[in-house]
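Counting from 556, one number per residue, gives the positions in the sequence shown under the working numbering.
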Amino acid sequence: MPHLRTSRHQRDTDHPMPQALPFDLAGRTVWVAGHRGMVGGAIVRRLSTENCRVLTISREKLDLLRQAGVEATLAKVRPDVVVLAAARVGGIQANQDLPAQFLYENLVIETNVIEAARRAGVQKLLFLGSSCIYPRNAPQPMREEALLTGSLEPTNEWYALAKIAGIKLCEAYRRQYGCDFISIMPTNLYGPGDNFHPEHSHVPAGLIQRFHEAKVEGRRSVAVWGSGTPLRDFLHVDDLAAAAVFVLKNYSDATHLNVGTGREISIAEFATTVARVVGYLGAIDFDRSRADGMPRKGLDCSRLAALGWHARIGLEEGLAATYEWFQANGAVVRC
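This is the structure we're talking about:
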């Protein structure tokens, strides 16, 4: 059941104004949309250390694809803060298999929640995007200014287009209505609560699942999709959650912020690291018939660093904790 406020001061829902910094979460109600996902779950865990009330609403109670229901719910519960972590997500194969769903569902979710938040007079909203918003051939590491300066990577353009729209929607609502709506763009994520679908997962979860099965079944080799040469920055989801709360408190501007570690690793080296963490001792073969995606996707996180935030969880440490969670919870698969 959602947590319901029993009283509230009257607010001007047409023109809410940005809050002074630092924005204090103490005593406020924070609705995390998408709390069952890896990102939303991590943010709920992180918010539990703050002196705020965390509001979660199950999918059975609220379908974010239905505008009327979203607006009615927010008008009733009136959260002070919204964290928009709900999304249709997946890896390269999922984007290729489900382009209409990736574009439609993400556009509708973000549009419904952002407009409902404005109508309900929400004081602050945080939208979570993805580093795939940047052009395929953007200068590296990619700065926030690279947005909309070139063509997108074809293997994830549907998701990227939706996320770009969400960023611009927050920017437009800030400009027209004075809403304190902000955006962050995380790099490649991994951690507890990930989706370990064999075809539709992201790289870290897919490799953990694949190497684990190979170890259990005693296979001599494991196929890793692509050439192994692309470079990626992998961020533990608990670091992202810490960044999200930090940004809520300390940032208010139209420009989105990149969130990452600032350290890149090739897919080949990353696969070797995952195999070592899992304890798989066989060979690793690269399936070049599978798409690589962007050749490089490093983020320039200097803006966020200048505010005082840095990632803390090392890659091997984070992968080991993720594998422990995977073993304890079984292969969590979502279509």
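We treat Cβ as the ideally placed atom computed from N, Cα and C, and that holds for glycine.
Here the structure is a predicted model, which is why all the values come from computation and not from measurement.
Just to confirm, is the Cβ distance from C687 to Y714 under 9 Å? yes
Tell me whether A883 sits in a helix, a strand or coil according to DSSP, three-state version. helix
Helix, strand or coil: which one does DSSP assign to D840? strand
My understanding is that L683 touches I739, with C-beta atoms under 8 Å, so please give their C-beta distance in whole angstroms. 6 Å
For the alpha helix (DSSP H) holding R674, just list the boundary residues, first then last. 654-674
Taking contact to mean at least 3 C-beta pairs separated by less than 8 Å, is the segment 740-750 in contact with the segment 780-798? yes
Span of the alpha helix (DSSP H), counted from its first residue to its last, around S685: Unbroken run through S685: none, as it is neither H nor E.
Pull up the CB-CB distance for G815 and N711, whole angstroms please, since I reckon it's below 8 Å. That pair is no contact at about 17 Å.
If D842 sits next to V777, beta carbons under 8 Å apart, how far is it from one beta carbon to the other, in whole angstroms? Going by Cβ atoms, the distance from D842 to V777 rounds to 10 Å, so no, they are not a contact pair.
Is the segment 628-647 touching the segment 578-594 in the sense that three or more CB pairs, one from each, lie closer than 8 Å? yes
Taking the continuous alpha helix (DSSP H) assigned at R845, which residues delimit it? Premise fails: R845 is in no alpha helix (DSSP H) and is neither H nor E.
Reduced DSSP category for R608 - H, G, I as helix; E, B as strand; rest coil: strand
For M556, count the other beta carbons within 10 Å of its own beta carbon; 16 or more makes it buried, fewer makes it exposed. Which is it? Its pLDDT being 44, under 50, M556 is placed unreliably by the model, and the measurement read from it follows with that caveat. It counts as exposed.
Using a Cβ-Cβ cut-off of 6 Å (strictly less than) and excluding sequence neighbours within five positions of F881, which residues of its own chain qualify? I763
For the beta strand (DSSP E) that V638 lies in, which residues bound it at each end? 636-639
By DSSP's criteria, K679 is part of a beta bridge. Which residues make up the other side? V636
Buried versus exposed call for P577 [16 or more other C-beta atoms within 10 Å across all chains shown]: exposed
Nearest-angstrom Cα distance between I839 and E872? 22 Å
For I722, which residues does DSSP report across the bridge? I722 pairs with nothing; no bridge assigned.
Range of the contiguous beta strand (DSSP E) that encloses V814: 812-814
Assuming contact is defined by CB atoms lying nearer than 9 Å, are L629 and L803 in contact in what I supplied? no
Expressed to the nearest angstrom, what Euclidean distance is found between the alpha-carbon atoms of D794 and I868? 7 Å
Is P785 near P709, with beta carbons less than 9 Å apart? no
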